[in-house]
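Chemist: Numbering (the numbering used here), first residue to last: 8 to 138. In this text, a Cβ means the ideal position worked out from N, Cα and C, and glycines have one as well. As the structure is a prediction and not an experimental result, all values here were calculated from the model.
#1: Applying the 10 Å Cβ sphere with the 16-neighbour rule, what's the burial state of residue 13?
#2: Over the uninterrupted beta strand (DSSP E) stretch that includes residue 32, give me the two end residues.
#3: Would you mind working out which of 20, 98, 27 and 83 sits nearest residue 74, comparing C-alpha positions?
#4: Count the other CB atoms, across all protein chains shown, that sit within 10 Å of the CB of residue 16; report buried if there are 16 or more and exposed otherwise.
#5: Give the DSSP bridge partners of residue 86, in chain order.
#6: Which partner residues does residue 15 have in the DSSP bridge list?
#7: I'd like the list of long-range same chain contacts for residue 97, defined as Cβ closer than 6 Å, with 5 residues on each side in sequence excluded.
#8: Tell me the residue span of the beta strand (DSSP E) that contains residue 29.
#9: Identify every run of the alpha helix (DSSP H) within the segment 94 to 118, keeping only runs that are complete inside it and at least 4 residues long; order them along the chain.
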């Protein structure tokens, strides 16, 4: 199947308006509007990620001039960190609302995002090494 040389962009394609590193968070600002529960959106990070951003900074979405932070989560509901976000990249997300707020959940996996999972947990009571 060949690609059409001219086609209409999807109504749910959203280009970011700004990307900032504030208070230890990477914030991606989207245009003002209503993002409906359960709806799919394709978010493009259109601006450069600030060089001062730390790789483990949690990623949040803001909308318009609002100050509410909506977490960007992986499909497993774990928080996405800055190391999983790239400039000029499209991310398919689904808006998820709750009685008190909401989040944007990725439908796929973030790019090249390392797993920082511990190999095991012991409750802080690791056994003493045998002598």
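Modeler: Well, looking at it:
#1: It is exposed - the Cβ of residue 13 has fewer than 16 other Cβ atoms within 10 Å.
#2: 32 to 37
#3: 27
#4: exposed
#5: Looking at the DSSP output, residue 86 bridges to 80.
#6: Answer by DSSP bridge pairing: none, since residue 15 is not bridged.
#7: 49 and 51
#8: 25 to 29
#9: Uninterrupted alpha helix (DSSP H) stretches at least 4 residues long and entirely within the segment 94 to 118 do not occur.
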